[in-house]
Amino acid sequence: MIHSASSSSPAARNDAIAAAALSNGARASRAPADQIHIDKAAALRSSLQQVPEIRPEVVERARALAADPSYPSDKIIRQISSAIVNSPDLSEDQS
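So this note's numbering is basically just the index in the sequence shown, starting at one, shifted up by 757.
Have a look at this one:
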């Protein structure tokens, strides 16, 4: 939690600093959750390099779906269009 440092009261500011210090002390007593393990990253990188850039079975499935006149189904098209219509317009000011 981030406490505001713009309080008009110095006492309130000192309380916020003390609370943050306590919070940081409690976190320091636990094992840190934001560690990186290079060995795992190297294993992941190695696994990713073994995956072909173009997967023929995925390309073939895409071609089959593109050729299927009933894909996507009318039900899926209605669900997607409904989600679009019911989503908020992010270009309007929401405040």
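Glycine is no exception: its CB is placed at the ideal position from the N, C-alpha and C atoms. Just so you know, these numbers come straight off a predicted model, no measurement behind them.
Check your understanding: Terminal residues of the continuous alpha helix (DSSP H) containing residue 802?
Key -> 795-807
**Study point:** Start and end residues, alpha helix (DSSP H) containing residue 839
**Key:** 831-843
Check your understanding: Under three-state DSSP, which class holds residue 824?
Key -> helix
**Study point:** Span separating the alpha-carbon of residue 824 from that of residue 810
**Key:** 23 Å
Practice item. Within its chain, find whatever has a CB closer than 8 Å to the CB of residue 822; leave out the 5 residues flanking it on each side and keep chain order. Key: 828
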